[in-house]
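For reference, the structure is listed below as structure tokens.
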Amino acid sequence: MKKISYLELSSILLTIIISFNCGINIHLLKEDANINSWIAIILSYLIGFIPLLLTLYIANYKPELNLFEKNKNLFGDILGTIFNIFISLILLVIAITILYNIVSFINTQFLYRTPIIISATLLIFLVIYCSTKEINVICHISLILIFINIILFILSNTSLITNMHLDNLLPILKTDSKSLLISSLKVSIINTLPIITILIIPKDKITNKDKYNKALIISYIIGSIISLITIIGTISTLGIYLTKAFAYSEYMVLKKIKLFGFLERIENIISIKWITEAYIYLTILVYTISKSITRINKKTFKYTNIFIGILLILSTKYLFKNVIVFNNYLETTFIYIVSSLIIIYIILGITIYFKKCKMTKQSS
């Protein structure tokens, strides 16, 4: 594996953090937190610092190994393999969710007469092609796309300033504390627990390793700010009632953008940022799941990616009949599946701690 810059690694983390901004975050927030969704998103990312710090702690143990190699080092071949399969299954569920969410967005907003399996197949074809490359190639693409997406984000939100009405965010703390906390926990679980995926890249493969922790923390904060601005921009522009009425209210907000006072209907261009974010995240997930199968050559790795891609396409077609079923799945099943990653963090963190204590005693 070739060396990866800390900026490229940061772009991967930033992509993971903001990939749920289209459709998923706003749906979960507006159902529970309502008009105070912007407060809930702040709380969610403050809570999310816990898995971020745990991820950094895990990364510092045996920095020459990736996540799956660390598991085998800590738990042995048999238990480590079981652990790896468990993580891979969770990541597979996340990939299915991301895929359906983005192809549903594409079909409802652009290709409403096109079968959803066609959109999924075209996207997965690109994902499979990219995921068969080395991780440094994927990181290069991620850095380029995240740079473009940040420009589109700044452009769209500065253009929306005149349409924002901060009165739509009031009154503060209208939502009861219990609903606010529940909403914060849901978004925190979905947005921050999957950052364990970046551990597929060993810390030793990063240039300027001394900037590793700082780079990831900064990119996490930037991702949090982007999500916060997205929520504030949506609710302050549309109001809570219209926000709740539209399935993809973040996209509807973009229809109000006017560039330079005369350029209109550019929402389709700006919304590309959500599609590219989902594309990179899916590529990382497929690559990570394939890497969980150890001792495979390049040809087998390629076939594994194809198999995973086909599985994702079929899952998208047969698991969700419509958006209503998908939204119900988000609020119930998905949230609990992803929350099981907490167990992974705790077990890895505790095991590494005791392993280090044992090594310290032996050396002394």
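Each residue of the sequence shown is one higher than the one before, starting from 779 at the first, in our numbering.
Glycine included, each C-beta is placed from N, C-alpha and C at the ideal position.
Span of the alpha helix (DSSP H) holding residue 1055?
If you number the sequence shown from 1, residue 1055 lands on position 277. Element bounds for residue 1055: 1050-1069.
Determine the direct distance from the alpha carbon of residue 1078 to that of residue 974, and round the result to whole angstroms.
Taking the first residue of the sequence shown as 1, we reach residue 974 at position 196. Taking the first residue of the sequence shown as 1, we reach residue 1078 at position 300. When rounded, the distance between both Cα atoms is 25 Å.
Output the distance between the C-alpha atoms of residue 1067 and residue 1061, rounded to the nearest integer angstrom.
Mapped onto the sequence shown, residue 1067 falls at position 289. Mapped onto the sequence shown, residue 1061 falls at position 283. About 10 Å.
Tell me the rounded alpha-carbon separation between residue 787 and residue 891.
If you number the sequence shown from 1, residue 787 lands on position 9. If you number the sequence shown from 1, residue 891 lands on position 113. Taking the straight line from one Cα to the other gives about 38 Å.
Using only the alpha-carbon positions, how far apart do residue 1115 and residue 872 sit?
Indexing the sequence shown from 1 puts residue 1115 at position 337. Indexing the sequence shown from 1 puts residue 872 at position 94. Roughly 9 Å between the two C-alpha positions.
Is it buried or exposed for residue 805, if we count other Cβ within 10 angstroms and need 16 for buried?
Numbered from its first residue, the sequence shown carries residue 805 at position 27. Buried.
Pairs of beta-carbons, one from the stretch 1085-1096 and one from the stretch 868-882, closer than 8 Å: are there three or more?
Touching, yes, given that three or more Cβ pairs across the two stretches are closer than 8 Å.
By the DSSP assignment, the alpha helix (DSSP H) with residue 885 in it spans what residues?
Sequence index remark: in the sequence shown, residue 885 carries index 107 (1-based). Here the alpha helix (DSSP H) through residue 885 covers 845-887.
List, from N- to C-terminal side, the alpha helix (DSSP H) runs of 4 residues or more that fit wholly inside the stretch 939-997.
Whole alpha helix (DSSP H) segments, 4+ residues: 955-970.
Give me the Cα-Cα distance between residue 925 and residue 961, rounded to the nearest whole angstrom.
Position 147 of the sequence shown, counted from the start, is the residue given in the question as residue 925. Position 183 of the sequence shown, counted from the start, is the residue given in the question as residue 961. Going from the Cα of residue 925 to the Cα of residue 961 covers about 30 Å.
Quick check on residue 980: buried or exposed, where buried means 16 or more other Cβ atoms within 10 Å of its Cβ?
Here residue 980 corresponds to residue number 202 of the sequence shown, with the count starting at 1. That one is buried.
Please work out which residues of its chain come closer than 8 Å, Cβ to Cβ, to residue 978, disregarding the five sequence neighbours upstream and downstream, and give them in chain order.
Against the sequence shown, residue 978 aligns to sequence position 200. Cβ within range, chain order: 844, 845, 846, 913, 1062, 1065, 1066 and 1069.
Would you call the CB atoms of residue 958 and residue 817 closer than 8 Å?
Position 180 of the sequence shown holds residue 958. Position 39 of the sequence shown holds residue 817. Yes. Within cutoff.
Rounded to the nearest angstrom, what separates residue 1021 and residue 1014 at their Cα positions?
Numbered from 1 along the sequence shown, position 243 holds the residue referred to as residue 1021. Numbered from 1 along the sequence shown, position 236 holds the residue referred to as residue 1014. Going from the Cα of residue 1021 to the Cα of residue 1014 covers about 9 Å.
Reducing DSSP to helix, strand and coil, say where residue 1035 ends up.
Within the sequence shown, the letter at position 257 stands for residue 1035. Three-state result, residue 1035: coil.
Taking only runs of the alpha helix (DSSP H) that begin and end inside the stretch 1006-1031, which ones reach a length of at least 4 residues, in chain order?
As far as the stretch 1006-1031 is concerned, its whole alpha helix (DSSP H) runs of at least 4 residues are 1018-1023.
Please work out which residues of its chain come closer than 7 Å, Cβ to Cβ, to residue 1080, disregarding the five sequence neighbours upstream and downstream, and give them in chain order.
Your numbering for residue 1080 matches position 302 in the sequence shown. So the list reads 910, once near-sequence residues are dropped.
If you drop the 5 nearest sequence neighbours on each side, which residues of the same chain put their C-beta closer than 6 Å to that of residue 852?
Taking the first residue of the sequence shown as 1, we reach residue 852 at position 74. Closer than 6 Å at the Cβ level, and outside the excluded window around residue 852, lie 1129.
Can you tell me whether residue 955 is buried or exposed? The criterion is at least 16 other CB atoms within 10 Å of its CB, across all chains shown.
Start at 1 with the first residue of the sequence shown, and residue 955 comes out as number 177. Looking at its Cβ environment, which holds fewer than 16 other Cβ atoms inside 10 Å, residue 955 is exposed.
Residue 1144: which of 1136, 1123 and 1138 sits nearest, CA to CA?
Missing from the structure shown is residue 1144; the chain here goes from 779 to 1142 and no further.
Is it the case that the Cβ atoms of residue 1108 and residue 874 are separated by a distance below 8 Å?
Indexing the sequence shown from 1 puts residue 1108 at position 330. Indexing the sequence shown from 1 puts residue 874 at position 96. Contact flag unset, no.
On a CA-only basis, which of 838, 928 and 821 is nearest residue 793? Give me that one, please.
The residue labelled residue 793 in the question sits at position 15 within the sequence shown. Of the listed residues, the one whose Cα sits closest to residue 793 is 928.
Just the C-alpha distance for residue 1009 and residue 1046, rounded to the nearest angstrom, thanks.
Walking along the sequence shown from the start, residue 1009 turns up at place 231. Walking along the sequence shown from the start, residue 1046 turns up at place 268. Going from the Cα of residue 1009 to the Cα of residue 1046 covers about 19 Å.
Quick one: is residue 908 buried, meaning 16 or more other Cβ sit within 10 Å of its Cβ, or exposed?
Here residue 908 is taken as the residue at index 130 of the sequence shown, counted from 1. By the neighbour-count rule (16 or more Cβ atoms within 10 Å), residue 908 is buried.
For residue 1031, collect the residues of the same chain with a Cβ closer than 7 Å to its Cβ; drop the 5 residues on either side in sequence, then sort them by chain order.
Numbered from 1 along the sequence shown, position 253 holds the residue referred to as residue 1031. Within the same chain, residue 1031 has close Cβ partners 938, 1011, 1012, 1015 and 1016.
With the cut-off set at 8 Å, would you say residue 988 and residue 841 are in Cβ contact?
Translated into the one-based positions of the sequence shown, residue 988 becomes position 210. Translated into the one-based positions of the sequence shown, residue 841 becomes position 63. No, these two residues do not count as a Cβ contact at 8 Å.
Taking only beta-carbon positions, decide if residue 1117 is within less than 8 Å of chain C.
Checking the listed chains, one finds no chain C in this structure; it contains a single protein chain.
Could you tell me the alpha carbon to alpha carbon distance between residue 832 and residue 809, rounded to whole angstroms?
Mapped onto the sequence shown, residue 832 falls at position 54. Mapped onto the sequence shown, residue 809 falls at position 31. The alpha-carbon atoms of residue 832 and residue 809 are separated by roughly 30 Å.
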